[in-house]
Structure formats: C-alpha cells, structure tokens
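Structural data, given as structure tokens:
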C-alpha cells in the first residue's frame, strides 16, 4: 500500500490566535495518554495558574518530541545555544 499524504486544513479561531503564555509545563502520563498542563508563574507569587491543558496519545507525544528537538536544533543554529541556568528540575529561574 502506498503512503498517501492527506492535506489537513487547520482553522485558527480569533480567540486562539494570540496564544497563551506559559513558562512552566507539568507533564503526567498514563498508559493511554500524556497530559500537559501549561502554567504561568510570576516572581513573588508562590502559586502558578494553569492556563491550558492538552491531552495527547503516546504516539503524538513521541512525534512532538522529535519535532521539538529538530526545531530547537534549528533555533540554536541560528541564535546560539539555549542556556538552562539551573540543573535542579524544580527551579524555574526566579530568585528572591
């Protein structure tokens, strides 16, 4: 059977067009899905507010990681290495 590509037309509603800013993502998984909670945390506030929750199947998660790795590589080739300040995964980058 021949691989056939399907063209998908995506609609971007006005209320989604501007996007939502998040500076932290919490990822949970089960055998059937990955749950990505995108949140925003601001300095001086101990609480982060979840702005969006996206639920995807494992296959989509794996494809997304590959595409994201490729995009990061392209970005770093253009603009230089992305620096990650803290090695501790629990530190977000804000200091008191």
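In this note's numbering, the protein residues as written are 32 to 127. The beta carbon of each residue, even a glycine, is placed where N, CA and C say it ideally should be. All figures in this text were calculated on a predicted structure; none of them were measured in a lab.
Distance CB(residue i)-CB(residue j) smaller than 9 Å
i           : j           : result
residue 92  : residue 60  : yes
residue 65  : residue 58  : yes
residue 82  : residue 51  : yes
residue 103 : residue 115 : no
For residue i, the nearest candidate out of the options (CA to CA)
i           : options          : result
residue 70  : 78, 63, 64       : 78
residue 68  : 75, 112, 76, 87  : 87
residue 84  : 53, 36, 111, 113 : 53
residue 129 : 99, 90, 109      : Nothing about residue 129 can be reported from this structure: the residues present for the chain run from 32 to 127 only.
According to DSSP, residues forming a beta bridge with residue i
i          : result
residue 67 : 58, 85
residue 94 : Answer is none; residue 94 lacks a bridge partner.
residue 80 : 71
Residue i, DSSP secondary structure in three states
i           : result
residue 112 : coil
residue 37  : coil
residue 99  : helix
residue 52  : coil
residue 107 : helix
residue 46  : helix
residue 127 : With a pLDDT of 42 at residue 127, under the threshold of 50, the modelled position of this residue cannot be trusted; read the value that follows with caution. Correct three-state label for residue 127: coil.
CB contact below 9 Å: residue i versus chain B
i           : result
residue 107 : The structure shown has no chain B; it contains just one protein chain.
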